[in-house]
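Enquirer: I have a structure I would like to understand better, so I am pasting it below and will then ask my questions one at a time.
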Amino acid sequence: MLPLSEQQLRSSFVNASQRERKELTLPDLAAVRWDDLDYLGWRDRRNPNLGYVIAEVGGEPVGVLLRKADGGVRSRPQCSWCEDVHLPNEVVFFIAKRAGAAGRNGNTLGTLVCAGFECSANVRKRPPLAYVGFDVEAARLQRIDALREHVTTFVRRVAAD
């Protein structure tokens, strides 16, 4: 992912009001390892029920404001984005208000995502050897591509009017 400035981050959100954009808590941008990210995601330090995701769509950053859904799950869910079956972290259900008129009418989309948005790290781990001759590196690259596609598809769906 290409490095983004604070202004680029704030202006990228398609489903947030001007006030929400102004008040959002940014991560420490100097500490972000941009080369290791397929998307930038973080939780709000002041309000842990809020999450933010920025993905590159058509070469441009597109941000989505997420809210953690109320309630819990009875069994351990799988992240819809990284699809890691050996998750070292919690997965939560986030809801995103749709952009534009659809969002103003109350339409939302939901997704199960790693609670701290660790998906980029999860897909970069070497998968276990499935069989003799299994190409571990090709499988890892395929997981990275699949993550990018899942995130981009979700962000596009939120941004679509």
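Numbering (the working numbering), first residue to last: 70 to 230.
Glycine included, each C-beta is placed from N, C-alpha and C at the ideal position.
1) Report the rounded CA-to-CA distance for L95 versus G110, giving the unit in angstroms.
2) With DSSP run on the structure shown, which of helix, strand or coil describes T94?
3) Within the continuous beta strand (DSSP E) that includes E125, where are the two ends?
4) Where do the N-terminal and C-terminal ends of the beta strand (DSSP E) with A165 fall, by residue?
5) If you check the beta carbons only, do L134 and E206 fall under 8 Å apart?
6) If we call anything under 8 Å between Cβ atoms a contact, is A171 one with V83?
Expert: For this structure:
1) Here the question's residue 95 lines up with position 26 in the sequence shown. Here the question's residue 110 lines up with position 41 in the sequence shown. Those two C-alpha atoms are separated by around 10 Å.
2) For the purposes of this step, residue 94 is taken as the residue at position 25 of the sequence shown. T94: coil per DSSP, three-state reduction.
3) In the sequence shown, residue 125 corresponds to position 56, counting from 1. E125 -> beta strand (DSSP E) spans L119 to V126.
4) Numbered from its first residue, the sequence shown carries residue 165 at position 96. Bounds of the beta strand (DSSP E) holding A165 are V160 to K166.
5) The count along the sequence shown starts at 1 and reaches residue 134 at position 65. The count along the sequence shown starts at 1 and reaches residue 206 at position 137. Contact: no.
6) Counting from 1 along the sequence shown, the entry for residue 171 is found at position 102. Counting from 1 along the sequence shown, the entry for residue 83 is found at position 14. Against a cut-off of 8 Å, the Cβ pair of V83 and A171 comes out as no contact.
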